[in-house]
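Residue numbers (the working numbering): 14 to 116.
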């Protein structure tokens with residue numbers, strides 16, 4: 014875990030919003046298309062759905078998600094031509110403990 018990378022990733026309002034959306038994706042995204050494909054939100058949320066919710070260009074969202082993944086905040090899984098992102102709860106717990114002990 015690199016706290017500075019996490020701080021940078023969370024310093025953007027949209028990236029912070031993505032973390033909130035992925036915390037409880039059923040509140041922010043429609044799970045029906047996932048279920049129809051034999052999937053659910055445990056695998057994550059498709060980049061296209063995150064992009065549509067944000068209203069930003071897919072290239073911007075893709076760069077945001079990559080930055081957040083490099084910081085350890087997100088995990089991704091590719092199924093076919095789609096990539097799904099979910100929160101990395103292990104890193105978030107480590108970061109929370111870091112903040113409690115170091116700051």
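By construction, the Cβ of each residue, glycine as well, lies at the ideal position given by its N, Cα and C atoms.
Among the options, which has the Cα closest to the Cα of residue i?
i	options	result
residue 69	84, 30 and 21	30
residue 17	99, 104 and 84	84
residue 27	46, 51 and 75	75
residue 21	103, 116 and 77	77
residue 103	86, 92, 51 and 115	86
residue 47	15, 72, 64 and 97	97
residue 67	110, 41 and 106	41
residue 7	73, 55, 88 and 110	In the structure as shown, the chain starts at 14 and stops at 116, and residue 7 therefore has no counterpart that could be examined.
Short of 8 angstroms in beta carbon distance, which residues of its chain neighbour residue i, apart from the five on each side in sequence? Order them along the chain.
i	result
residue 95	59, 60 and 61
For residue i, which residues in the same chain have their Cβ closer than 7 angstroms to its Cβ, ignoring the five residues on either side in sequence?
i	result
residue 36	100
For residue i, is the classification buried or exposed, using 16 other Cβ atoms within 10 angstroms of its Cβ as the cut-off for buried?
i	result
residue 57	buried
residue 112	exposed
residue 19	buried
State the Cα-Cα distance for the pair residue i and residue j, rounded to the nearest angstrom.
i	j	result
residue 24	residue 80	12 angstroms
residue 93	residue 115	42 angstroms
residue 105	residue 34	15 angstroms
residue 45	residue 90	19 angstroms
Assuming residue i and residue j make a contact with CB atoms under 8 angstroms, what is their CB distance in whole Å?
i	j	result
residue 14	residue 108	6 angstroms
residue 71	residue 64	5 angstroms
Using C-beta distances below 6 angstroms, list every residue in its chain close to residue i, excluding the 5 sequence neighbours before and after it, in chain order.
i	result
residue 53	47
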